[in-house]
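Since the structure comes first, as structure tokens, the remarks are kept for the end.
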Amino acid sequence: MDQLWTLQPSLILSLHQLLLHPVYYKQQSGEYTLMTNHAELLMVGMSAKTFRIGNRVVKVCNVLPEDPAITQQNLACCETEALVYRILEEHPRIARCHSSNPPLGLIELEFYPNGNIKAYLERKDSKTPEADKKRWGIQMIESISYLHSKGVRHGDLRLEQWLLDDEQSVRLSDFNGSGFDAQPTLALKERPALGLECSSHWLPRPNAVDSSEQTDLFALGSSLYELVVGEKPFAGIDDQTIETRYEQAIFPNTEGLLFGREISKCWHQEFENSKELLNAVTNTLSRK
147 MDQLWTLQPS LILSLHQLLL HPVYYKQQSG EYTLMTNHAE LLMVGMSAKT FRIGNRVVKV
207 CNVLPEDPAI TQQNLACCET EALVYRILEE HPRIARCHSS NPPLGLIELE FYPNGNIKAY
267 LERKDSKTPE ADKKRWGIQM IESISYLHSK GVRHGDLRLE QWLLDDEQSV RLSDFNGSGF
327 DAQPTLALKE RPALGLECSS HWLPRPNAVD SSEQTDLFAL GSSLYELVVG EKPFAGIDDQ
387 TIETRYEQAI FPNTEGLLFG REISKCWHQE FENSKELLNA VTNTLSRK
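Taking the working numbering, the leading residue of the sequence shown gets 147, the next gets one more, and so forth.
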């Protein structure tokens, strides 16, 4: 793993002042306090806080003065996400990144008012046309095909990781648990994934085994199932039971579902890569 820069609060403060972002850390009585002004807190995650400022979203690394080790771990996740956006560059299936500072784990993204697909479907209360789900499903697969073509593994795929832009097209986001191959043009060494999928999206494997295209494809199959059915595979069942069923190759029935054949093949690891999946879906839909 590339060596992380030592976290310097004074540098964070000066960086945010330079970028004119009203989100910054300030030392008060020996502690670091997150200061906000005209910023809406959207989410508090494990490694970062996410704020909305106008039509932008700013992700800031969580700093825990009492626990430097966790702070460095958080910084590693945020740095990874910033680097992934640099690797992916601008693409219609990827959330738009306006600026980033990998050593500080600072990321400035486009704000998408439609939110993520899962939340959108819940708001619509099952009134989303199948044509929209079909289009989104294809775009979800396109996003993963592009991701893998750049040597990146997501590591934590689930339906809420895909956002809907102003044209209601899909954009993949949230790369703080991702891993990537060496990127010679960016002078980046290979970096293992830090994230783990939830049980319903987890391809059974030893914990020491890094994410791969196959683990992403398995999770993509579960995400497509979420899109079509409206709930996660084996919803309401405990994690251990789900893991046991997956180890025994027992999966929900997908017969007759939109993308049903492709979902099943993702779970059974019958696609060599995401490009093969995309070609299969494209060919299937072209015959209908």
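Glycine is no exception: its CB is placed at the ideal position from the N, C-alpha and C atoms.
This one's a predicted model, so the numbers in the text were calculated from it and none came from an experiment.
For the alpha helix (DSSP H) containing residue i, name the first residue and the last one.
{"i": "Ser368", "result": "Glu359 to Val375"}
{"i": "Glu408", "result": "Gly406 to Trp413"}
{"i": "Met286", "result": "Glu276 to Ser295"}
{"i": "Asn425", "result": "Ser420 to Ser432"}
{"i": "Leu332", "result": "Segment: none, Leu332 is in no alpha helix (DSSP H) and carries neither H nor E."}
{"i": "Leu310", "result": "Element bounds for Leu310: not the alpha helix (DSSP H) but the beta strand (DSSP E), Trp308 to Leu310."}
{"i": "Asn208", "result": "First-last for Asn208: undefined, no H or E at that position."}
{"i": "Ile383", "result": "That residue, Ile383, is in no alpha helix (DSSP H); it is neither H nor E in DSSP."}
{"i": "Ile263", "result": "Ile263 to Lys270"}
Nearest-angstrom Cα distance between residue i and residue j?
{"i": "Glu359", "j": "Thr226", "result": "18 Å"}
{"i": "Ala381", "j": "Asp311", "result": "28 Å"}
{"i": "Leu180", "j": "Glu422", "result": "Low confidence applies here, because Leu180 scores a pLDDT of 44, under 50, leaving its location unreliable; read the following figure in that light. Whole-angstrom Cα-Cα distance: 46 Å."}
{"i": "Asp213", "j": "Gln219", "result": "10 Å"}
{"i": "Ile240", "j": "Val355", "result": "26 Å"}
{"i": "Glu378", "j": "Asp385", "result": "Per the sequence shown, residue 378 should be read as Lys rather than Glu. Between Lys378 and Asp385, the C-alpha separation is close to 12 Å."}
{"i": "Arg122", "j": "Ala265", "result": "Residue 122 cannot be examined here, being either before or after the span of the chain that is shown, 147 to 434."}
{"i": "Gly376", "j": "Glu256", "result": "27 Å"}
{"i": "Leu349", "j": "Ala365", "result": "7 Å"}
{"i": "Asn425", "j": "Ser245", "result": "33 Å"}
{"i": "Lys296", "j": "Asn419", "result": "13 Å"}
{"i": "Glu276", "j": "Gly261", "result": "19 Å"}
{"i": "Arg317", "j": "Met286", "result": "8 Å"}
What whole-angstrom Cβ distance do residue i and residue j have, given they're in contact under 8 Å?
{"i": "Ala228", "j": "Asn247", "result": "7 Å"}
{"i": "Gln307", "j": "Asp327", "result": "Not confirmed; about 21 Å, so no contact."}
With respect to the beta strand (DSSP E) encompassing residue i, which residues constitute its N-terminal and C-terminal limits?
{"i": "Thr400", "result": "Taken as a continuous stretch (DSSP letters only), Thr400 belongs to no beta strand (DSSP E), as it is neither H nor E."}
{"i": "Leu318", "result": "Val316 to Leu318"}
{"i": "Cys243", "result": "Cys243 to Asn247"}
Just grab the DSSP bridge partners of residue i for me.
{"i": "Met189", "result": "Thr196"}
{"i": "Arg202", "result": "Ile199 and Glu256"}
{"i": "Val298", "result": "Phe326"}
{"i": "Ile240", "result": "Leu318"}
The region 265–280 touching the region 198–218, judged by at least three CB pairs closer than 8 Å:
No: fewer than three Cβ pairs fall under 8 Å.
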